[in-house]
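Novice:
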Amino acid sequence: MAIGRFQVMAMLQAARAYRLGLPLESSLSWGLNRAIFYAAAKRGFRRLKMPRRPRGEALAKPLLEERAVFYLGDEMAYKTEVDGVLCFTIGGKPQTAEDFRREIVRRFGDAFDEAWREALEIVGEYDRETLLSQRRFYEEVYKPRRDLLAERWTKLVRERRRPTASS
1 MAIGRFQVMA MLQAARAYRL GLPLESSLSW GLNRAIFYAA AKRGFRRLKM PRRPRGEALA
61 KPLLEERAVF YLGDEMAYKT EVDGVLCFTI GGKPQTAEDF RREIVRRFGD AFDEAWREAL
121 EIVGEYDRET LLSQRRFYEE VYKPRRDLLA ERWTKLVRER RRPTASS
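Counting with my numbering, you get residues 1 to 167 for the letters of the sequence shown.
1) Can you give the beta carbon distance from Ser29 to Ala97, rounded, assuming they're within the 8 angstroms contact cut?
2) Is there a Cβ from chain C that is less than 8 angstroms from the Cβ of Lys79?
3) Under the rule that 16 or more other beta-carbon atoms within 10 Å means buried, what is Met9, buried or exposed?
4) Is the distance from the Cβ of Arg107 to the Cβ of Ile36 below 8 angstroms?
5) So, at 7 angstroms on beta carbons, what are the nonlocal neighbours of Leu32 in its own chain, with the 5 sequence-adjacent residues on each side left out?
6) What do you get for Lys79, buried or exposed, if any count of 16 or more other CB atoms within 10 angstroms of its CB means buried?
7) Can you tell me which of the three DSSP states Thr80 falls into?
8) Hey, how far is the Cα of Ser27 from the Cα of Arg117?
9) Quick one: measure Cβ to Cβ for Leu12 and Leu131, integer angstroms, because I've assumed they're closer than 8 angstroms.
10) If you compare alpha carbons, which of Arg160, Ser133, Arg5 is closest to Ala113?
11) Quick one: residues in its chain with C-beta nearer than 7 angstroms to the C-beta of Met242, no 5 flanking neighbours on either side, listed in chain order?
12) Put Pro23 into one of helix, strand or coil per three-state DSSP.
13) Start and end of the beta strand (DSSP E) containing Lys93?
14) Just to confirm, are Arg5 and Phe137 a CB contact at a threshold of 8 angstroms?
15) Locate the beta strand (DSSP E) running through Val171, then write down its first and last residues.
16) Taking the beta strand (DSSP E) that Val69 falls in, what are its first and last residues?
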């Protein structure tokens, strides 16, 4: 199965969040959330539905401010808790670590651990200031290597899935 830019973004963003101190489960949520966010931004957010309040609630309390915002450096995402774990949301839907495992890890199969180590190494090569900047992370960490990683990780996945002579 091919690894694309979406999976590369999810992996590098999760590694970034983990290196900056988020627990692993929340880091995986962040990675998937940011991959979805950037994919939606590329499409102009056409298919992304923002949560709406029921009409009765809106009439009863027309102004509502919620404090469900999280910043990783200068990058903002909406947050919630799922079973006591900090998760990030888009369109009112939380992205959980289990979602990351289903959508990203499963695609990598047996190659995931090696790709995850590589993502952590890549992110570890950059200073904290770069990792805290949404723009610098995108321009300096992700963008220059996104296609190279997609190609390399696709090859890795295919090598790990090949049946051996003893199979």
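For every residue, glycine included, the Cβ atom is placed at its ideal position computed from N, Cα and C.
All values derive from a computational prediction rather than experimental measurement.
Specialist: Taking the structure as given:
1) 6 angstroms
2) Absent from the structure: chain C. Only one protein chain is present.
3) buried
4) no
5) Cβ neighbours of Leu32 within its own chain (closer than 7 angstroms, five residues either side excluded): Ala10, Gln95, Asp99, Phe100, Glu103, Ile104.
6) Looking at its Cβ environment, which holds 16 or more other Cβ atoms inside 10 Å, Lys79 is buried.
7) Note: Thr80 maps to strand in three-state DSSP.
8) 14 angstroms
9) No, Leu12 and Leu131 are not in contact; Cβ-Cβ is about 10 angstroms, not under 8 angstroms.
10) The sequence shown places Asp at residue 113, rather than the Ala named in the question. The candidate whose alpha carbon is nearest that of Asp113 is Arg160.
11) There is no way to answer for residue 242, as the model of the chain reaches only from 1 to 167.
12) coil
13) 93 to 95
14) no
15) There is no way to answer for residue 171, as the model of the chain reaches only from 1 to 167.
16) Per DSSP, Val69 is one residue of the beta strand (DSSP E) stretching across 69 to 72.
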